[in-house]
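In terms of our numbering, the sequence shown opens at residue -18 and continues consecutively. Cβ atoms here follow ideal geometry from the backbone N, Cα and C, with glycine treated the same way. Values in this document were obtained by computation on a predicted structure and should not be read as measured data.
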Amino acid sequence: MRYSPWSRGLEDCYKRHANSPALDPNTLIALLHSIGSGVASDGQPWPERHQMPGRRIALADTDCSLAGLRVVLEILLAAQRARENGELEQYVGPRVMEGLIMAGIGLAAHASTRLHPEG
């Protein structure tokens, strides 16, 4: 896979800071660490402590996917309403509409997959 210079730099930065504590929890690297450790869409670990750690990560992933799906569907609905009721220049076009639908399908598939127990 070919990486852009920006993504390669981000990956290098992530590796350098993998084991060091982040001072500000809102830095990009700190947020990437929290996402990788299985936080829900609100940025917090999954609240049910009786679940196994792997299951808590799967539930947090599902929560994030469903939050993303809602945003994609809201954008899709707004784009559809703009197409129907707005000026021509407000329509995002069929490729964007298809992309939003495909993003929704992908997020729904990911959420569904993560809900099923592994093993």
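Proximal residues to residue i (C-beta, below 8 Å), its chain only, five neighbours per side dropped
i, result
"I56", "L81"
"L50", "G85, L88, A89, A92"
"D5", "A11"
Same chain, Cβ closer than 6 Å to residue i, five either side skipped, listed in chain order
i, result
"E99", "none"
"W27", "A21, R37, L40, A41"
CB contact flag (residue i, residue j, <7 Å)
i, j, result
"V53", "A84", "yes"
"A90", "L47", "no"
Straight-line Cα distance separating residue j from residue i
i, j, result
"M33", "A39", "10 Å"
"I86", "G74", "19 Å"
"A59", "R95", "28 Å"
"N7", "H14", "11 Å"
Cutoff 7 Å; reference residue i; Cβ partners in own chain excluding five residues on either side
i, result
"Y72", "A63, R64"
Runs of alpha helix (DSSP H) lying entirely within the stretch 33 to 92, each at least 4 residues, in chain order: 34 to 66
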